[in-house]
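Below is one structure; the comments refer to it alone.
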Amino acid sequence: MPIVPDVPDAGRDVGREAENRDDRDRDAAHVGGPLFRDEMPQEPMSTPLPPPPQKKRAGRDLRAAIGVGLGLGAVIVVSLFIVKAVFVGVIALAVVVGLWELTSRLKERKDIDAPLVPLAVGGVAMVVAGYARGPEGAWIAMALTALAVLVQRMTRPPEGYLKDVTAGVFAAFYVPFLATFVALMLTADDGEWRVLTFLVLTVVSDTGAYAVGWRFGKHKLAPRISPGKTREGLLGAVAFAMAGGALCMEFLIDGGAWWQGLLLGLGVAASATLGDLGESMIKRDLGIKDMGTLLPGHGGIMDRLDSLLPTAPVVWLLLVLFVGST
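In the numbering used here, the protein residues as written are 579 to 904.
This is how it looks when you write it as C-alpha coordinates:
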(Lines of atoms letter the chains of each structure in order from A and count residues from 1; the text may use other names and numbers.)
(Lines give C-alpha, C1' and ligand atoms only; values in the text may rest on other atoms or scores of the structure.)
Protein backbone atom coordinates (compact mmCIF):
# COMPACT_ATOMS: atom_id res chain seq x y z
CA MET A 1 0.00 0.00 0.00
CA PRO A 2 1.29 3.36 -0.77
CA ILE A 3 2.23 5.48 2.16
CA VAL A 4 -0.08 8.50 2.36
CA PRO A 5 0.96 11.37 4.70
CA ASP A 6 -1.46 12.31 7.49
CA VAL A 7 -3.53 15.36 6.60
CA PRO A 8 -4.83 17.46 9.56
CA ASP A 9 -8.53 17.48 10.01
CA ALA A 10 -9.55 20.86 8.64
CA GLY A 11 -12.72 21.02 10.74
CA ARG A 12 -10.87 20.37 13.97
CA ASP A 13 -8.29 23.06 13.17
CA VAL A 14 -10.96 25.64 12.41
CA GLY A 15 -12.77 24.86 15.67
CA ARG A 16 -9.56 25.00 17.68
CA GLU A 17 -8.67 28.38 16.15
CA ALA A 18 -12.11 29.72 16.98
CA GLU A 19 -11.73 28.56 20.60
CA ASN A 20 -8.33 30.24 20.84
CA ARG A 21 -9.83 33.46 19.48
CA ASP A 22 -12.64 33.36 22.08
CA ASP A 23 -10.08 32.83 24.82
CA ARG A 24 -8.11 35.86 23.66
CA ASP A 25 -11.28 37.94 23.57
CA ARG A 26 -12.15 36.90 27.12
CA ASP A 27 -8.64 37.70 28.27
CA ALA A 28 -8.80 41.12 26.61
CA ALA A 29 -12.15 41.80 28.21
CA HIS A 30 -10.74 40.73 31.57
CA VAL A 31 -7.69 42.98 31.19
CA GLY A 32 -9.92 45.94 30.26
CA GLY A 33 -12.10 45.38 33.30
CA PRO A 34 -12.45 47.69 36.22
CA LEU A 35 -9.30 46.53 38.02
CA PHE A 36 -7.06 47.52 35.15
CA ARG A 37 -8.63 50.76 33.94
CA ASP A 38 -6.68 53.97 34.00
CA GLU A 39 -9.50 55.79 35.82
CA MET A 40 -8.73 56.97 39.33
CA PRO A 41 -11.02 55.63 42.02
CA GLN A 42 -13.74 58.09 43.00
CA GLU A 43 -13.60 59.46 46.55
CA PRO A 44 -16.83 59.60 48.49
CA MET A 45 -18.73 62.89 48.30
CA SER A 46 -18.09 65.18 51.26
CA THR A 47 -20.60 67.63 52.72
CA PRO A 48 -19.55 71.20 51.82
CA LEU A 49 -18.60 73.35 54.78
CA PRO A 50 -20.68 76.46 55.42
CA PRO A 51 -18.98 79.72 54.41
CA PRO A 52 -17.24 81.58 57.21
CA PRO A 53 -19.30 84.32 58.81
CA GLN A 54 -18.87 87.68 57.16
CA LYS A 55 -17.53 90.54 59.22
CA LYS A 56 -19.86 93.45 59.72
CA ARG A 57 -19.23 96.22 57.25
CA ALA A 58 -20.57 99.71 56.98
CA GLY A 59 -23.19 100.16 54.31
CA ARG A 60 -21.51 103.26 52.83
CA ASP A 61 -18.12 104.32 51.57
CA LEU A 62 -16.55 105.17 54.91
CA ARG A 63 -13.61 107.14 53.48
CA ALA A 64 -15.86 109.31 51.34
CA ALA A 65 -18.26 109.78 54.24
CA ILE A 66 -15.47 110.91 56.57
CA GLY A 67 -13.98 113.24 53.97
CA VAL A 68 -17.30 114.88 53.12
CA GLY A 69 -18.22 115.11 56.80
CA LEU A 70 -14.96 116.86 57.68
CA GLY A 71 -15.37 119.25 54.77
CA LEU A 72 -18.91 120.17 55.76
CA GLY A 73 -17.86 120.55 59.37
CA ALA A 74 -15.06 122.93 58.41
CA VAL A 75 -17.38 125.10 56.31
CA ILE A 76 -19.97 125.24 59.08
CA VAL A 77 -17.52 126.05 61.89
CA VAL A 78 -15.65 128.70 59.89
CA SER A 79 -18.85 130.46 58.79
CA LEU A 80 -20.27 130.19 62.30
CA PHE A 81 -17.38 131.96 64.03
CA ILE A 82 -16.48 134.54 61.37
CA VAL A 83 -19.78 136.27 60.58
CA LYS A 84 -23.15 135.13 61.91
CA ALA A 85 -24.94 136.34 58.80
CA VAL A 86 -22.82 134.02 56.65
CA PHE A 87 -23.89 131.06 58.76
CA VAL A 88 -27.53 132.11 58.36
CA GLY A 89 -26.90 131.94 54.61
CA VAL A 90 -25.52 128.40 55.03
CA ILE A 91 -28.72 127.41 56.84
CA ALA A 92 -30.87 128.94 54.10
CA LEU A 93 -28.90 127.14 51.38
CA ALA A 94 -29.26 123.80 53.14
CA VAL A 95 -33.01 124.42 53.47
CA VAL A 96 -33.45 125.15 49.75
CA VAL A 97 -31.46 122.07 48.69
CA GLY A 98 -33.31 119.91 51.21
CA LEU A 99 -36.68 121.11 49.92
CA TRP A 100 -35.61 120.40 46.35
CA GLU A 101 -34.60 116.84 47.27
CA LEU A 102 -37.79 116.17 49.20
CA THR A 103 -40.19 117.57 46.59
CA SER A 104 -38.32 115.80 43.78
CA ARG A 105 -38.62 112.42 45.50
CA LEU A 106 -42.31 113.01 46.23
CA LYS A 107 -42.93 113.77 42.55
CA GLU A 108 -40.90 110.82 41.27
CA ARG A 109 -42.20 108.16 43.63
CA LYS A 110 -45.74 109.24 44.55
CA ASP A 111 -46.69 111.75 41.83
CA ILE A 112 -47.16 114.39 44.55
CA ASP A 113 -46.47 117.85 43.16
CA ALA A 114 -45.61 119.99 46.19
CA PRO A 115 -44.82 123.47 44.76
CA LEU A 116 -41.11 124.10 45.19
CA VAL A 117 -40.95 127.85 44.41
CA PRO A 118 -43.16 129.11 47.26
CA LEU A 119 -41.57 126.56 49.57
CA ALA A 120 -38.03 127.70 48.75
CA VAL A 121 -38.86 131.42 49.00
CA GLY A 122 -40.84 130.89 52.19
CA GLY A 123 -38.12 128.66 53.64
CA VAL A 124 -35.46 131.33 53.21
CA ALA A 125 -37.87 133.90 54.66
CA MET A 126 -38.44 131.73 57.73
CA VAL A 127 -34.73 131.41 58.47
CA VAL A 128 -34.05 135.13 57.98
CA ALA A 129 -37.16 136.21 59.92
CA GLY A 130 -36.29 133.87 62.78
CA TYR A 131 -32.80 135.34 63.01
CA ALA A 132 -33.96 138.96 62.65
CA ARG A 133 -37.30 138.91 64.51
CA GLY A 134 -37.18 135.88 66.76
CA PRO A 135 -39.88 133.21 67.16
CA GLU A 136 -42.69 135.59 66.17
CA GLY A 137 -41.03 136.29 62.83
CA ALA A 138 -40.55 132.57 62.19
CA TRP A 139 -44.23 131.80 62.89
CA ILE A 140 -45.47 134.61 60.64
CA ALA A 141 -43.19 133.45 57.79
CA MET A 142 -44.42 129.88 58.27
CA ALA A 143 -48.07 130.95 58.02
CA LEU A 144 -47.41 133.02 54.89
CA THR A 145 -45.51 130.14 53.29
CA ALA A 146 -48.41 127.76 53.87
CA LEU A 147 -50.79 130.32 52.35
CA ALA A 148 -48.50 130.75 49.33
CA VAL A 149 -48.46 126.98 48.79
CA LEU A 150 -52.28 126.86 48.76
CA VAL A 151 -52.58 129.80 46.37
CA GLN A 152 -49.85 128.72 43.95
CA ARG A 153 -51.36 125.24 43.61
CA MET A 154 -54.66 126.85 42.52
CA THR A 155 -53.05 127.78 39.21
CA ARG A 156 -53.17 124.13 38.13
CA PRO A 157 -56.06 121.65 37.68
CA PRO A 158 -57.90 120.64 40.87
CA GLU A 159 -57.06 116.94 40.59
CA GLY A 160 -54.67 116.06 43.41
CA TYR A 161 -54.97 119.50 45.03
CA LEU A 162 -55.44 118.21 48.57
CA LYS A 163 -52.49 115.80 48.55
CA ASP A 164 -50.22 118.38 46.90
CA VAL A 165 -50.92 121.20 49.36
CA THR A 166 -50.82 118.81 52.33
CA ALA A 167 -47.39 117.62 51.25
CA GLY A 168 -46.34 121.23 50.68
CA VAL A 169 -47.36 122.39 54.16
CA PHE A 170 -45.68 119.32 55.66
CA ALA A 171 -42.47 120.10 53.77
CA ALA A 172 -42.59 123.73 54.96
CA PHE A 173 -42.81 122.64 58.57
CA TYR A 174 -40.41 119.71 58.33
CA VAL A 175 -37.46 121.43 56.66
CA PRO A 176 -37.33 125.24 56.96
CA PHE A 177 -39.39 125.76 60.10
CA LEU A 178 -37.40 123.25 62.17
CA ALA A 179 -34.15 124.62 60.72
CA THR A 180 -35.16 128.10 61.87
CA PHE A 181 -34.50 127.06 65.48
CA VAL A 182 -30.79 126.96 64.64
CA ALA A 183 -31.04 130.61 63.61
CA LEU A 184 -32.90 131.32 66.86
CA MET A 185 -30.01 129.84 68.86
CA LEU A 186 -27.66 132.13 67.00
CA THR A 187 -29.43 135.27 68.26
CA ALA A 188 -28.14 134.79 71.83
CA ASP A 189 -24.95 136.52 72.96
CA ASP A 190 -23.20 133.16 73.06
CA GLY A 191 -25.13 131.95 70.02
CA GLU A 192 -22.08 130.51 68.26
CA TRP A 193 -21.40 128.21 71.21
CA ARG A 194 -25.03 127.18 71.46
CA VAL A 195 -25.08 126.20 67.81
CA LEU A 196 -21.75 124.41 68.18
CA THR A 197 -23.13 122.51 71.19
CA PHE A 198 -26.17 121.52 69.15
CA LEU A 199 -24.04 120.27 66.25
CA VAL A 200 -21.50 118.47 68.43
CA LEU A 201 -24.10 116.65 70.51
CA THR A 202 -26.07 115.53 67.47
CA VAL A 203 -22.93 114.18 65.81
CA VAL A 204 -21.80 112.54 69.05
CA SER A 205 -25.20 110.90 69.47
CA ASP A 206 -25.14 109.55 65.91
CA THR A 207 -21.56 108.36 66.36
CA GLY A 208 -22.37 106.57 69.60
CA ALA A 209 -25.36 104.86 68.03
CA TYR A 210 -23.31 103.75 65.03
CA ALA A 211 -20.24 102.57 66.95
CA VAL A 212 -22.03 100.69 69.72
CA GLY A 213 -24.66 99.28 67.38
CA TRP A 214 -22.03 98.10 64.89
CA ARG A 215 -19.96 96.40 67.59
CA PHE A 216 -22.56 95.10 70.02
CA GLY A 217 -25.94 95.45 68.29
CA LYS A 218 -28.10 92.32 68.46
CA HIS A 219 -31.64 93.43 69.31
CA LYS A 220 -33.51 95.38 66.64
CA LEU A 221 -34.96 98.73 67.68
CA ALA A 222 -37.55 99.20 64.92
CA PRO A 223 -37.06 96.44 62.31
CA ARG A 224 -40.04 97.46 60.19
CA ILE A 225 -38.78 101.03 59.87
CA SER A 226 -34.99 100.80 59.99
CA PRO A 227 -33.60 97.24 60.27
CA GLY A 228 -30.06 98.46 60.92
CA LYS A 229 -30.86 100.25 64.18
CA THR A 230 -30.53 98.36 67.44
CA ARG A 231 -31.40 98.89 71.08
CA GLU A 232 -27.73 98.66 71.94
CA GLY A 233 -27.09 101.47 69.47
CA LEU A 234 -29.73 103.60 71.18
CA LEU A 235 -28.02 103.05 74.54
CA GLY A 236 -24.74 104.06 72.92
CA ALA A 237 -26.35 107.24 71.61
CA VAL A 238 -27.70 108.09 75.07
CA ALA A 239 -24.37 107.42 76.81
CA PHE A 240 -22.29 109.37 74.31
CA ALA A 241 -24.71 112.31 74.15
CA MET A 242 -25.07 112.59 77.93
CA ALA A 243 -21.31 112.56 78.41
CA GLY A 244 -20.87 115.11 75.63
CA GLY A 245 -23.69 117.23 77.03
CA ALA A 246 -22.08 117.40 80.45
CA LEU A 247 -18.80 118.56 78.91
CA CYS A 248 -20.44 121.11 76.62
CA MET A 249 -22.55 122.69 79.34
CA GLU A 250 -19.56 122.84 81.66
CA PHE A 251 -17.06 124.33 79.23
CA LEU A 252 -18.93 125.92 76.29
CA ILE A 253 -22.15 127.45 77.64
CA ASP A 254 -22.01 130.45 79.98
CA GLY A 255 -23.81 129.67 83.24
CA GLY A 256 -24.31 126.00 82.34
CA ALA A 257 -23.91 123.07 84.75
CA TRP A 258 -22.82 119.51 84.08
CA TRP A 259 -26.09 118.01 85.34
CA GLN A 260 -27.99 120.18 82.86
CA GLY A 261 -25.76 118.70 80.18
CA LEU A 262 -26.91 115.21 81.15
CA LEU A 263 -30.53 116.20 80.53
CA LEU A 264 -29.56 118.02 77.35
CA GLY A 265 -27.71 114.95 76.05
CA LEU A 266 -30.65 112.70 76.87
CA GLY A 267 -32.98 115.00 74.94
CA VAL A 268 -30.61 115.10 71.97
CA ALA A 269 -30.29 111.31 71.85
CA ALA A 270 -34.08 110.90 71.91
CA SER A 271 -34.84 113.57 69.29
CA ALA A 272 -31.99 112.54 66.98
CA THR A 273 -33.11 108.91 67.06
CA LEU A 274 -36.74 109.84 66.42
CA GLY A 275 -35.69 112.12 63.57
CA ASP A 276 -33.63 109.36 62.01
CA LEU A 277 -36.52 106.91 62.30
CA GLY A 278 -38.96 109.50 60.94
CA GLU A 279 -36.97 110.04 57.77
CA SER A 280 -36.43 106.29 57.45
CA MET A 281 -40.21 105.93 57.51
CA ILE A 282 -40.55 108.53 54.75
CA LYS A 283 -37.90 106.85 52.60
CA ARG A 284 -39.41 103.41 53.16
CA ASP A 285 -42.80 104.76 52.10
CA LEU A 286 -41.20 106.23 48.98
CA GLY A 287 -39.24 103.05 48.29
CA ILE A 288 -35.81 104.72 48.24
CA LYS A 289 -32.57 104.36 50.18
CA ASP A 290 -31.37 107.97 50.03
CA MET A 291 -33.03 111.31 49.39
CA GLY A 292 -30.27 112.32 47.00
CA THR A 293 -26.72 111.76 45.79
CA LEU A 294 -25.21 115.18 46.36
CA LEU A 295 -22.88 114.10 49.19
CA PRO A 296 -20.70 111.03 48.43
CA GLY A 297 -20.86 108.52 51.27
CA HIS A 298 -23.83 110.30 52.83
CA GLY A 299 -26.57 110.47 50.21
CA GLY A 300 -28.29 113.82 49.99
CA ILE A 301 -28.58 116.90 52.19
CA MET A 302 -31.78 115.54 53.72
CA ASP A 303 -29.94 112.36 54.69
CA ARG A 304 -27.70 114.53 56.88
CA LEU A 305 -30.49 116.73 58.22
CA ASP A 306 -32.65 113.82 59.39
CA SER A 307 -31.41 113.89 62.99
CA LEU A 308 -30.49 117.60 63.04
CA LEU A 309 -33.90 119.05 62.16
CA PRO A 310 -35.97 117.63 65.07
CA THR A 311 -33.07 118.14 67.48
CA ALA A 312 -32.81 121.89 66.85
CA PRO A 313 -36.02 122.90 68.70
CA VAL A 314 -35.17 120.54 71.59
CA VAL A 315 -31.73 122.08 72.12
CA TRP A 316 -33.05 125.62 71.68
CA LEU A 317 -35.80 125.09 74.26
CA LEU A 318 -33.61 123.35 76.86
CA LEU A 319 -30.90 125.99 76.61
CA VAL A 320 -33.49 128.75 77.02
CA LEU A 321 -34.81 126.99 80.13
CA PHE A 322 -31.35 126.35 81.57
CA VAL A 323 -29.45 129.58 80.83
CA GLY A 324 -31.97 131.99 79.29
CA SER A 325 -32.54 133.28 75.78
CA THR A 326 -29.80 135.96 75.70
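Even for Gly, the Cβ is constructed at its ideal location relative to N, Cα and C. As the structure is a computational prediction, the values presented were derived from the model and not from experiment.
Just reading off the beta strand (DSSP E) that residue i is part of, what are its end residues?
{"i": "A800", "result": "K798 to A800"}
{"i": "P736", "result": "Taken as a continuous stretch (DSSP letters only), P736 belongs to no beta strand (DSSP E), as it is neither H nor E."}
{"i": "F807", "result": "Sequence inspection shows Lys at residue 807; the Phe mentioned does not correspond to that position. S804 to T808 is the extent of the beta strand (DSSP E) around K807."}
Rounded to whole angstroms, what is the Cα-Cα separation between residue i and residue j?
{"i": "P681", "j": "L864", "result": "Looking at the sequence shown, residue 681 is not Pro but Thr. Looking at the two C-alpha atoms, the distance is approximately 12 Å."}
{"i": "L671", "j": "T785", "result": "25 Å"}
{"i": "R734", "j": "L728", "result": "11 Å"}
{"i": "F794", "j": "L725", "result": "48 Å"}
{"i": "D868", "j": "V695", "result": "23 Å"}
{"i": "D691", "j": "A750", "result": "14 Å"}
{"i": "A890", "j": "G845", "result": "11 Å"}
{"i": "G839", "j": "I879", "result": "28 Å"}
{"i": "L895", "j": "T851", "result": "18 Å"}
{"i": "G645", "j": "V656", "result": "17 Å"}
{"i": "A905", "j": "L764", "result": "Within the shown structure, residues of the chain are numbered from 579 to 904, placing residue 905 beyond reach of any answer."}
{"i": "V778", "j": "Q730", "result": "39 Å"}
{"i": "E737", "j": "W678", "result": "22 Å"}
{"i": "G853", "j": "S885", "result": "5 Å"}
{"i": "E714", "j": "H797", "result": "44 Å"}
{"i": "Y739", "j": "W717", "result": "24 Å"}
{"i": "A789", "j": "L825", "result": "20 Å"}
Classify residue i: buried if its beta carbon has 16 or more other beta carbons within 10 angstroms, exposed otherwise.
{"i": "A757", "result": "buried"}
{"i": "L802", "result": "With the sequence shown as reference, residue 802 is identified as Arg, and Leu is not the correct amino acid for it. It is exposed - the Cβ of R802 has fewer than 16 other Cβ atoms within 10 Å."}
{"i": "F829", "result": "exposed"}
{"i": "H876", "result": "buried"}
{"i": "A698", "result": "buried"}
{"i": "R641", "result": "exposed"}
{"i": "L827", "result": "In the sequence as presented, Leu is not what sits at residue 827; that position holds Met. Counting Cβ neighbours within 10 Å, M827 comes out buried, since at least 16 surround it."}
{"i": "M820", "result": "buried"}
{"i": "G651", "result": "exposed"}
{"i": "V664", "result": "exposed"}
{"i": "V773", "result": "buried"}
{"i": "P754", "result": "buried"}
{"i": "L887", "result": "buried"}
{"i": "G833", "result": "exposed"}
{"i": "D767", "result": "exposed"}
{"i": "P693", "result": "buried"}
{"i": "E857", "result": "buried"}
{"i": "T723", "result": "buried"}
Of all the options the options, which has the alpha carbon lying nearest to the alpha carbon of residue i?
{"i": "G708", "options": "E857, L812 and L762", "result": "L762"}
{"i": "A703", "options": "G791, E686 and G667", "result": "G667"}
{"i": "Y752", "options": "A815, A663 and M720", "result": "M720"}
{"i": "T780", "options": "R882, V747 and V901", "result": "R882"}
{"i": "V743", "options": "L764, V706, K798 and L684", "result": "L684"}
{"i": "S783", "options": "G738, P736, L899 and A848", "result": "A848"}
{"i": "W837", "options": "I660, V901 and T871", "result": "V901"}
{"i": "L842", "options": "A815, A766, M859 and E857", "result": "A815"}
{"i": "R809", "options": "V664, G791, G700 and D689", "result": "G791"}
{"i": "I831", "options": "D854, L855, E770 and P713", "result": "E770"}
{"i": "I860", "options": "F748, D768 and L899", "result": "F748"}
{"i": "L648", "options": "K796, L873, L855 and G700", "result": "L873"}
{"i": "V523", "options": "I654, A643 and T871", "result": "Beyond the ends of the chain as shown, which are 579 and 904, falls residue 523; an answer cannot be given."}
{"i": "L899", "options": "W717, D689 and A835", "result": "A835"}
{"i": "K741", "options": "K688, L825, G870 and G806", "result": "K688"}
{"i": "G700", "options": "G746, M732, L658 and G712", "result": "G746"}
{"i": "I866", "options": "L813, L897, S804 and T904", "result": "S804"}
How far does the alpha helix (DSSP H) with residue i in it extend, from its first residue to its last?
{"i": "P891", "result": "L886 to V901"}
{"i": "Y574", "result": "Given that the chain is displayed from residue 579 to residue 904, the structure contains no residue 574 and the question cannot be resolved."}
{"i": "F665", "result": "K662 to K688"}
{"i": "A761", "result": "L756 to L764"}
{"i": "T851", "result": "W836 to L864"}
{"i": "M869", "result": "Taken as a continuous stretch (DSSP letters only), M869 belongs to no alpha helix (DSSP H), as it is neither H nor E."}
{"i": "D881", "result": "I879 to L883"}
Tell me, to the nearest whole angstrom, how far the beta carbon of residue i is from that of residue j; I am working on the premise that it is less than 8 Å.
{"i": "V673", "j": "V706", "result": "So it is not a contact: roughly 11 Å between Cβ atoms."}
{"i": "V893", "j": "F776", "result": "4 Å"}
{"i": "G811", "j": "A787", "result": "4 Å"}
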